[in-house]
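A short worksheet on the structure shown next.
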Amino acid sequence: MFAKIQKTQSPPSQALFVWDGECGFCKYWIIVWKSKTVDLNYKTFQEVAGEFPDIPLKEFKKASRLIDTDGSVFSGPDSAYRTLWYFEKPQEHLHRWYKSSGVFRWLSDHGYNFIAKNRPLMMKLTLAFWGKNPLKRKPFWVIYLMGLVMILLGTMYLIS
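1 is the number of the first residue of the sequence shown in our numbering; add one for each residue after it.
Written as structure tokens, this is what we have:
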């Protein structure tokens, strides 16, 4: 999976979310998060990996990192949940749950790993369910769900 690095000796002056700049799926959701967060910088590992010599490049390639001003490093799903603390309306519960629940942590780690290994598919699903513009997402999944319900109801009607 990915290494959980506790601290860096090179903390940033402002909290920093580090992500893979070559990942379209990542870019889409970074645009969404940027529109919702305050006091958090976003940079690609391609831009800043050299500023953190105690974090191996291979670890930046494996998972996103949120690096706090005290040097704390949050990795993978932990970094995503920690980002929610920086939302205009902070949502700290998922990060706390990740830290306190072994089951939730296991599910999050494996879910994150699955997404990371299937980024092209995740991007296609994102576009299909939310649309191409991350700042004007449309919940197409509601339409798909309603269509599925209609098909199931129609099938039940025809069977009975």
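For every residue, glycine included, the Cβ atom is placed at its ideal position computed from N, Cα and C.
DSSP beta-bridge partners of residue i
| i | result |
| --- | --- |
| Trp19 | Thr44 |
| Arg65 | Val18 and Ser75 |
| Thr37 | Phe87 |
| Pro7 | Inspection of the sequence shows that residue 7 is occupied by Lys rather than by Pro. In the DSSP output, where bridge partners are listed per residue, Lys7 has Ser72. |
Extent of the continuous alpha helix (DSSP H) to which residue i belongs
| i | result |
| --- | --- |
| Ile115 | Gly102 to Lys117 |
| Tyr28 | Gly24 to Lys34 |
Euclidean distance between Cα positions of residue i and residue j
| i | j | result |
| --- | --- | --- |
| Asp54 | Lys7 | 9 angstroms |
| Asn133 | Leu152 | 31 angstroms |
| Gln14 | Tyr42 | 10 angstroms |
| Trp97 | Trp85 | 13 angstroms |
| Lys61 | Met123 | 18 angstroms |
| Asp70 | Cys23 | 28 angstroms |
| Thr155 | Tyr81 | 41 angstroms |
| Val149 | Lys89 | 34 angstroms |
| Glu92 | Trp29 | 19 angstroms |
| Val48 | Asp68 | 14 angstroms |
| Pro115 | Glu59 | The question names Pro, but residue 115 in the sequence shown is Ile. Distance between the alpha carbons of Ile115 and Glu59: 16 angstroms. |
| Ala3 | Lys99 | 16 angstroms |
| Ile5 | Leu16 | 15 angstroms |
| Arg105 | Ser72 | 18 angstroms |
| Ser35 | Val103 | 31 angstroms |
| Gly50 | Asp78 | 22 angstroms |
Extent of the continuous beta strand (DSSP E) to which residue i belongs
| i | result |
| --- | --- |
| Pro73 | Strictly speaking, residue 73 in this sequence is Val, with Pro absent from that position. Taken as a continuous stretch (DSSP letters only), the beta strand (DSSP E) holding Val73 covers Val73 to Ser75. |
Cβ separation of residue i and residue j, assumed to be a contact under 8 angstroms, to the nearest whole Å
| i | j | result |
| --- | --- | --- |
| Val18 | Ser64 | 6 angstroms |
| Arg119 | Phe25 | 5 angstroms |
| Trp130 | Lys117 | Contact flag wrong, Cβ pair sits at about 21 angstroms. |
| Asp109 | Gly76 | 6 angstroms |
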